[in-house]
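Position one of the sequence shown corresponds to residue 4 (my numbering), numbered consecutively onward.
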Amino acid sequence: MPTQGHFPTPMYWDQVHGEKFKAIQNELFLTYQKLKFSRKKGWGKDTHYLSEDPFTRDILTDMDCKLFLNFLDKSLNNYLDQIGFQFERKYHITQSWFTKTCKGQYAHRHDHGANDIAGVYYLQTNERDGNIYFQTPLQLLTPNFIYGCINGDQQIQAKEGLIGLWPGVLEHGTYTNTTDHERISISFNIQYER
4 MPTQGHFPTP MYWDQVHGEK FKAIQNELFL TYQKLKFSRK KGWGKDTHYL
54 SEDPFTRDIL TDMDCKLFLN FLDKSLNNYL DQIGFQFERK YHITQSWFTK
104 TCKGQYAHRH DHGANDIAGV YYLQTNERDG NIYFQTPLQL LTPNFIYGCI
154 NGDQQIQAKE GLIGLWPGVL EHGTYTNTTD HERISISFNI QYER
């Protein structure tokens with residue numbers, strides 16, 4: 004193809020299946036049942052619910068979600084392999100939390116600041132309860148005719164067992180859940196040692 008994109012944004016998407024899927028789902032649902040949820044003050048009445056202390060704790064490690072953490076580790080390594088990262092891969096999860104999105108709720112557009120990688124795992128979804136979308140990092144270039152033609156939000160359909168990883172600075176959000184189904188996801192931030 005004569006036209007090529009030379010500055011892609013690497014995003015990783017993979018879905019767990021079979022017995023591993025069942026085991027991870029069971030582990031995470033057992034954890035979910037132990038949690039309390041509330042809305043973040045100042046975010047508005049239509050935003051989703053978050054587990055307690057969402058941005059100050061690593062709930063996945065605290066609640067000993069070993070099966071999921073193993074899947075996350077493999078996914079992180081696959082992601083880095085595919086972008087050609089060849090250095091030491093020591094990391095820690097800076098924060099992780101559960102999100103519950105009911106009818107009429109959404110996640111406002113945001114980024115995950117200075118974290119190297121942000122991510123999500125879909126625990127429960129009917130695949131119509133609000134897709135995640137990403138805003139182009141080239142937003143400032145949209146006044147240019149060519150960039151204006153190609154810059155639009157990109158969305159990914161939520162699916163149970165789907166994990167997504169992307170650069171933490173990439174702005175994203177979720178569309179409003181217009182169904183009676185409750186979507187449950189786990190979000191996390193990753194920082195690599197320098």
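The beta carbon of each residue, even a glycine, is placed where N, CA and C say it ideally should be.
CA-to-CA distance, residue j to residue i, given in whole angstroms
i    : j    : result
T179 : Y109 : 4 Å
G171 : Q194 : 9 Å
T128 : T104 : 10 Å
F24  : N192 : 22 Å
T145 : T6   : 19 Å
F58  : C68  : 18 Å
Q157 : K43  : 26 Å
M66  : L173 : 28 Å
L143 : E22  : 45 Å
H9   : D114 : 23 Å
C152 : R186 : 33 Å
L200 : L126 : Residue 200 lies beyond the stretch modelled for the chain, which goes from 4 to 197, so this question has no answer here.
G122 : S190 : 6 Å
G47  : S54  : 16 Å
G199 : S41  : The chain is shown only over 4 to 197; residue 199 falls outside these bounds and no answer can be derived.
R197 : F90  : 10 Å
D61  : W100 : 7 Å
P78  : G155 : The amino acid occupying residue 78 in the given sequence is Ser; Pro does not appear at that position. Answer to the nearest angstrom: the Cα atoms are 27 Å apart.
G45  : Y52  : 13 Å
L72  : I27  : 9 Å
E163 : Y124 : 8 Å
Q138 : N147 : 17 Å
N29  : H184 : 19 Å
L141 : I149 : 12 Å
P11  : R92  : 22 Å
S188 : A161 : 9 Å
Spatially closest choice to residue i from the options, by CA coordinates
i    : options                : result
N80  : D61, T102, L70, Y94    : Y94
L33  : L63, L53, E55          : L63
I166 : L75, D61, T97, Q7      : L75
D56  : V19, Q89, T97          : T97
V19  : L70, D61, H51          : L70
D119 : T139, K77, L168        : L168
T182 : K77, K106, N29, L141   : K106
T50  : S78, T102, Q138        : T102
I159 : L141, N147, F148, Y136 : Y136
DSSP bridge partner residues for residue i (one or two, in chain order)
i    : result
K103 : Y52, I187
P170 : I120
F88  : None, per the DSSP bridge assignment.
Y150 : Answer is none; Y150 lacks a bridge partner.
Please determine if the stretch 32-49 and the stretch 128-138 are in contact, where contact requires at least 3 C-beta pairs separated by less than 8 Å. Flag = no, the stretch 32-49 and the stretch 128-138 do not touch.
Touching by the beta-carbon criterion (3+ pairs, under 8 Å), the stretch 176-191 and the stretch 101-118: By the Cβ criterion, the stretch 176-191 is in contact with the stretch 101-118, since at least three pairs of Cβ atoms, one from each stretch, lie closer than 8 Å.
So, does the stretch 15-23 touch the stretch 81-89, judging by three or more C-beta pairs under 8 Å? Note that the stretch 15-23 touches the stretch 81-89; at least 3 beta-carbon pairs, one per stretch, sit closer than 8 Å.
4 or more residues per run - each alpha helix (DSSP H) lying fully within the stretch 13-72: Look at the stretch 13-72 and you find these whole runs of alpha helix (DSSP H), each 4 residues long or longer: 21-35, 62-65.
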